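Since the structure comes first, as C-alpha cells, the remarks are kept for the end.
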Amino acid sequence: KAGVTQTPRYLIKTRGQQVTLSCSPISGHRSVSWYQQTPGQGLQFLFEYFSETQRNKGNFPGRFSGRQFSNSRSEMNVSTLELGDSALYLCASSLDSSGNTIYFGEGSWLTVV
Amino acid sequence: GQQVMQIPQYQHVQEGEDFTTYCNSSTTLSNIQWYKQRPGGHPVFLIQLVKSGEVKKQKRLTFQFGEAKKNSSLHITATQTTDVGTYFCAAGTYKYIFGTGTRLKVLA
Chain A
1268 KAGVTQTPRY
1278 LIKTRGQQVT
1288 LSCSPISGHR
1298 SVSWYQQTPG
1308 QGLQFLFEYF
1318 SETQRNKGNF
1328 PGRFSGRQFS
1338 NSRSEMNVST
1348 LELGDSALYL
1358 CASSLDSSGN
1368 TIYFGEGSWL
1378 TVV
Chain B
9 GQQVMQIPQY
19 QHVQEGEDFT
29 TYCNSSTTLS
39 NIQWYKQRPG
49 GHPVFLIQLV
59 KSGEVKKQKR
69 LTFQFGEAKK
79 NSSLHITATQ
89 TTDVGTYFCA
99 AGTYKYIFGT
109 GTRLKVLA
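So the sequence lines, in the order shown, correspond to chains A and B.
All you need for the working numbering is the position in the first sequence, starting with 1, plus 1267.
All you need for the working numbering is the position in the second sequence, starting with 1, plus 8.
Structure follows, in C-alpha cells:
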C-alpha cells in the first residue's frame, strides 16, 4: 500500500510569489491534514479536510489556504510568500477525522528567498 | 486552547543508558499518540494510548498514559544509536496538537 505522497519535495521561491503543494493520501483515507514544521515553532497545525470540506483550521493567516478533491487528494496554497514561510510542510492522512492514527508524508521543503 | 508541553527539549545519553520524555497537557486528553522523527525525515507513528493508566510496550520502548489522562511518558531502555531522533507526543480528536518534541542524541 503506497504511503502519503507529497510533491514537490523541494522548492525555492521568492518573496511575494505564491506556491502550491500537493498531497496524495493513502488509498482509502478521507482525512487530510497539513502541518508546518519549523525549528522554532515545531509542528503547527494548518488545516484539516474531510470529504472535500475544511473541518478544522489552525492559527495561520489567510495567505494559507487549501482544498481537497473528490479523490481525497489535497493541495495547499501559500500566497504572497514571506521569508518566515520557509519550512517543511507536512501532509498527513487518516481513515477519518475522529482520532485515527495519522500517517505523514515525507514533506515539502519550502525555502523563500 | 489546548496546549501540550514536552520535556526535556534535548537529551544526550550514552549508548546503553535509559531515556524518558514526558508530555503534559493542560486539559484531559481523549487519547495521545507518540511519533518519532529521524533527522531529515518525517514523523512516524509509534503508538496510540487511549485508556487511563494504560501501559504499552514495544521492545525497548514503554509508553504510559496517566491516570488523569493529562500526561504521558515514553521510556526507552538501553538506548541504541538507532534511537536518535525527535520524539513527539500529539493529542487531539480532529486536529492534533503536537508537543514541542524531545531531541534525543545517543553517544556511542
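All C-beta atoms in this analysis are idealised placements derived from N, C-alpha and C, irrespective of residue type, glycine included.
Model, not experiment: these values are computed from the prediction.
Problem - Chain-ordered chain B contacts of Tyr-1370(A) [CB-CB under 8 Å] - result: For Tyr-1370(A), the C-beta contacts it makes with chain B under 8 Å involve Phe-53, in order along the chain.
Exercise for the section: Starting from Phe-53(B), follow the beta strand (DSSP E) in both directions and report where the run begins and ends. Expected result: 52 to 57 is the span of the beta strand (DSSP E), which, as asked, contains Phe-53(B).
Problem - Cβ pair count under 8 Å reaching 3, the segment 14 to 33 of chain B against the segment 52 to 64 of chain B - result: Flag = no, the segment 14 to 33 of chain B and the segment 52 to 64 of chain B do not touch.
Handout entry: C-alpha gap between Asp-1363(A) and Gln-1335(A), whole angstroms
Key = CA-to-CA, the gap between Asp-1363(A) and Gln-1335(A) works out to about 14 Å.
Handout entry: Proximity of Gly-109(B) and Gly-1309(A) at Cβ, strictly below 8 Å
Key = Yes; because the gap between Cβ atoms is below 8 Å, this pair is in contact.
Handout entry: Min CB distance Lys-59(B) to chain A below 8 Å
Key = No, no contact with chain A.
Practice task
Tell me whether Ala-1269(A) is buried or exposed, calling it buried when 16 or more other Cβ atoms sit within 10 Å of its Cβ.
Solution key: Under this definition Ala-1269(A) is an exposed residue.
Problem - Amino acids of chain B, ordered along the chain, whose beta-carbon sits closer than 9 Å to that of Leu-1357(A) - result: Residues of chain B passing the Cβ test: His-50, Pro-51.
Problem - Contact check, Tyr-1370(A) vs Ala-1359(A), beta carbons under 8 Å - result: The answer is yes: Cβ separation under 8 Å.
Handout entry: Three-way DSSP call (helix, strand, coil) for Leu-1350(A) in this model
Key = Assigned with DSSP and collapsed to three states, Leu-1350(A) falls in helix.
Handout entry: Residues bridged to His-83(B) (per DSSP)
Key = According to DSSP, which records beta bridges pairwise, His-83(B) is partnered with Thr-28(B), Thr-70(B).
Handout entry: Beta carbon of Gln-41(B) nearer than 8 Å to that of Gln-56(B)
Key = For the pair Gln-41(B) and Gln-56(B), the CB atoms are nearer than the 8 Å cut-off.
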